[in-house]
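The next block holds one structure in the form of structure tokens; read it before the comments.
Numbering (my numbering), first residue to last: 3 to 275.
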């Protein structure tokens, strides 16, 4: 059963949606009504995102922070002053561009985007019966987020920055000295460090063309040696100029490589919200 958490000012104009919802009360969060969605969802797909509301001239606005905000002018630095917000949303369909926002909360000056989304994920997953899949961009593809959500009953699909390094399993301990935590070092931007792939798949996408997928299992961040990841490289063969996409899977029930790519492409639905 998926229980979606909504802020109290949620717009209830969509009567078609309301007829499928059973509103309940949650005494611990008075401002957040509990909406029960369809019980037929097997693996809920969640999306996390960090957005900025720039307020450079509001000098009296409390708790303004420096926020990353891409600029259309390439010479400008992608940084602004304002408020950051963390959004947790649910993708209800395999196709389409609409999402269901579950939580949209301001990131205080004592929090980070990573810590805030980790809290939101814990809250949402505590209301779920099936194990969900969270899809996030490269801001969350780091050791800190993996560690903070390690105990949360959720599988995670994260985009990775291409300058990241990962480590394989260490060699068998020979009884001398301190046991090693790290094995082979794999640099995403250096193909000379890639070991033989563990999996490979290709498929034809109607929009992106021929897609090639490679995967390496049982790697980890240096700062999170006990959290095993699968590294996934996605390449558009029909677009030689496009950069490869690197993903990481952290969790228990990894889908097929083709399904993993399609799952990540669903993340962009949150950009329309």
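Where is the CB? At the ideal position from N, CA and C, for every residue including glycine.
| Item | Value |
| --- | --- |
| Three CB pairs or more closer than 8 Å across the segment 132-151 and the segment 247-264 | yes |
| Buried versus exposed, by CB contacts within 10 Å (16 or more), residue 202 | exposed |
| Reduced DSSP category for residue 258 - H, G, I as helix; E, B as strand; rest coil | coil |
| Candidates 155, 172 and 54, of which the one nearest residue 128 by Cα | 155 |
| Span of the beta strand (DSSP E), counted from its first residue to its last, around residue 102 | 102-109 |
| Cα-Cα separation between residue 1 and residue 150, rounded to whole angstroms | No answer is possible for residue 1: it lies beyond the span of the chain, which begins at 3 and ends at 275. |
| Close-in-space but distant-in-sequence residues of the same chain around residue 212 (CB under 7 Å, 5 per side omitted) | 204, 206, 239 and 240 |
| C-beta contact flag for residue 222 and residue 141 at 8 Å | no |
| Heavy atom of the ligand ADP within 7 Å of residue 139 beta-carbon | The ligand ADP is absent from the structure shown, which contains no ligands of any kind. |
| Residue nearest to residue 115 in terms of C-alpha spacing, selected from 144, 230 and 266 | 144 |
| Length of the line joining the Cα atoms of residue 89 and residue 125 | 13 Å |
| Cβ-based neighbour list, residue 225, same chain, cut-off 8 Å, excluding 5 preceding and 5 following | 145, 146 and 149 |
| Strand pairing of residue 207, partner residues [DSSP] | 211 |
| Cβ-Cβ distance between residue 234 and residue 210 below 8 Å | no |
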